[in-house]
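Asker: Structure incoming, see below.
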Amino acid sequence: MTQIWQKLSQTSRLFIAFGSVMVLIIATSVQFQANFFTSARLKHLAESEIPVQLEKLALDVRLLLEPAIQSSRILANDIELHNNLIKASPEERTRLIENKLLNIREGLTANSLSAAIHLPGDSRYFQLTATGMQQRPLRRDNPDDAWYFNFISSGQAYTLQLDTNTFSGSQLLMFIDYRSERSVANNIPLLVGAAALEASTLSNLISNYRLGEHGFVSLVTRSGEIQSSNPDSILTAISQQPVYSKLLNNANQQVFEQVHQGRDYMLSSIWVDSLQRWLIIEIPRAELTDPINRQMWAAQAIGFGLILLALLLIYPLARSLTRPLREVQGQLGSITQSLDLSRRIHISDQAELGQLAAQINKLLERLQGTVSEILRSSGLLNETALRLADTTGLGHTSSDTRQAAQTMAAAIEQMSSSVAEITSTMEELSASSTQIADHSQSVV
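So for the sequence shown, the working numbering puts the first residue at 1100; every next one is plus one.
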């Protein structure tokens, strides 16, 4: 890999380096933003959106139930009715209850109204439906009356029950039972009044609620019985998990995470006093993060498109940055081929490459002077050699011989000095070449 990199031109190196840095920056930036927005979205959902949505749904439930609750309370605590019932005969009690129920139904949208009275020697259940008024004695052995005896023994002021009986038929109704404050023997309320709504009204309100596409809400009793839920809900599947118990004791509306069949879910709950039940919401985590992930991929696509555009602009820029280096390289190569030491390197750059070219020119100038000196010394040596030959051939005196020998020694010494200077000059040239290489790497 290093050999391939070293074979690349400086322009290619600049192009690859700048492009890699830009790709890394864009990818890191987009990933960081995606993680940041995902964390912020989940935090906002857990701390604000889910609790707000649960409270909004709880308010809708209260608005749906409040008229029926208040009607049941008014019926159960009508003092005038209490007094009249105590003094009336059984036949008159039926008329009093019927008139009262008809009067309440005029201002209330309810499928059914009922009253259960307990007087000495007379415990009776009355129910007004669309078909008219019906009644029967209250008996512990009658399954239809089990709700009454369970309620009066619970001590609660009111309760909600989903039930059917022989008077209302097979239609499932939600009865809001309210006990009177006035009691008879053994703390048994004199009257229990109830307004009944279609169970499907509340069930549809809850099961049709959506937070996103797959965010469901379920209705769960205090004991954990799921009474209304979407068919795709995971509550039944996780009812044995620890998180389910946490949802049934979630006083602070905390948000819990649960993995089911490889998918992450966020769950929370709220207790609705008027309903005496929990509303539990569940949302797939992917439904919240997928839009952010899609935005991230779109941002990355746009980012890489911008990178391609930037690279198209970077390549000519890289060539312009390396142009002075190529000029130095070309002129130096021409000098090397021609061995013309009188030539000099000329570039317009005044920065590092300009200074480097000036140093190379000084080096060439010194090298030219050194070579000239070598040539001069070589000529002098040649002349001395000729003179020595002439001296030997003509039998000159020993004095002339010594003079010629001294002249030759001086020429040889001068040549040695020139060779040493050439060596020094070549070392400087090597250092300059190293500097050129280092500068090339710094440009990359």
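Even for Gly, the Cβ is constructed at its ideal location relative to N, Cα and C.
#1: DSSP on Arg1192, reduced to helix/strand/coil?
#2: Starting from the N-terminal side, write out each stretch of the beta strand (DSSP E) that is 3 residues or longer and does not extend beyond the stretch 1279-1320.
#3: Measure the C-alpha to C-alpha separation of Gly1432 and Thr1469 and round it to an integer number of angstroms.
#4: At the level of alpha carbons, what is the spacing between Ser1267 and Gln1394?
#5: For Ser1368, which residues of its own chain have a beta-carbon under 6 angstroms away from its beta-carbon, when the five flanking residues on both sides are left out?
#6: Given a cut-off of 8 angstroms on the beta-carbon distance, is the pair Leu1271 and Ile1216 in contact?
#7: Taking Leu1184 as part of the beta strand (DSSP E), name the residues at either end of that continuous run.
#8: Any idea what DSSP makes of Ser1328, helix, strand or coil?
#9: At 4 residues or longer, and completely inside the stretch 1145-1175: list those alpha helix (DSSP H) runs for me, N to C.
#10: Sort out for me which residues DSSP pairs Gly1268 with in a bridge.
#11: So, is Val1358 buried or exposed, given that buried needs 16 or more other C-beta atoms within 10 angstroms?
#12: Could you tell me which of Leu1201, Gln1109, Ala1245 sits nearest to Pro1423, measuring between CA atoms?
#13: Please state whether the Cβ-Cβ distance between Leu1163 and Thr1300 is less than 8 angstroms.
#14: Specify the secondary structure class of Thr1127 as computed by DSSP and reduced to three states.
#15: Within its chain, find whatever has a CB closer than 7 angstroms to the CB of Ile1446; leave out the 5 residues flanking it on each side and keep chain order.
#16: Pick helix, strand or coil for Pro1341, following the three-state DSSP scheme.
#17: Just how far apart, CA to CA, sit Thr1101 and Val1120?
#18: Please determine, among Gln1132, Val1371, Arg1443, Ala1385, the residue with the shortest C-alpha to C-alpha distance to Met1365.
#19: Using 8 angstroms as the threshold, is the C-beta distance between Leu1261 and Ala1298 below it?
#20: Note down the Cα distance separating Leu1218 from Thr1230, rounded to an integer number of angstroms.
#21: Going by C-alpha distance, which of Gln1130, Leu1113, Trp1104 is nearest Ala1400?
#22: Ignoring anything shorter than 4 residues, give me the alpha helix (DSSP H) runs that lie fully in the stretch 1341-1399, in order along the chain.
#23: For Val1122, tell me which candidate among Asp1489, Thr1228, Ala1409, Leu1212 has the shortest Cα-Cα distance.
#24: Would you check if the stretch 1277-1293 and the stretch 1172-1185 touch, i.e. whether three or more CB-CB distances between them fall below 8 angstroms?
#25: Contact check, Ser1171 vs Tyr1277 under 8 angstroms by CB: the rounded distance?
#26: Check this for me: beta carbons of Phe1355 and Val1371, under 8 angstroms apart or not?
#27: Give me the Cα-Cα distance between Gln1467 and Ser1441, rounded to the nearest whole angstrom.
#28: Assign Ile1406 to one of three DSSP states: helix, strand, or coil.
#29: Comparing alpha-carbon positions, which option in Gln1326, Gly1402, Leu1180 lies nearest Ser1128?
Answerer: Taking the structure as given:
#1: helix
#2: Runs of beta strand (DSSP E) with 3 or more residues, each lying fully within the stretch 1279-1320, are found at 1290-1297, 1315-1319, listed in chain order.
#3: 21 angstroms
#4: 54 angstroms
#5: Leu1346, Asn1349, Trp1377, Ile1379
#6: Result no, Cβ atoms of Leu1271 and Ile1216 do not sit closer than 8 angstroms.
#7: Per DSSP, Leu1184 lies in no beta strand (DSSP E); the unbroken alpha helix (DSSP H) holding it starts and ends at 1178-1186.
#8: Here Ser1328 sits in coil by DSSP.
#9: 1149-1175
#10: Answer is Asn1264, bridged to Gly1268.
#11: Val1358 sits exposed, since fewer than 16 C-beta atoms from the chains shown fall within 10 Å of its C-beta.
#12: Checked all of Leu1201, Gln1109, Ala1245; the closest Cα to Pro1423 is Gln1109.
#13: Judged by their CB atoms, Leu1163 and Thr1300 are nearer to each other than the 8 angstroms cut-off.
#14: helix
#15: Pro1423, Glu1426, Val1427, Leu1452, Gly1453, Ala1456
#16: Helix.
#17: 19 angstroms
#18: Ala1385
#19: yes
#20: 27 angstroms
#21: Gln1130
#22: 1341-1346
#23: Ala1409
#24: yes
#25: Right, the Cβ-Cβ distance comes to about 4 angstroms (below 8 angstroms), so this counts as a contact.
#26: no
#27: 7 angstroms
#28: helix
#29: Gly1402
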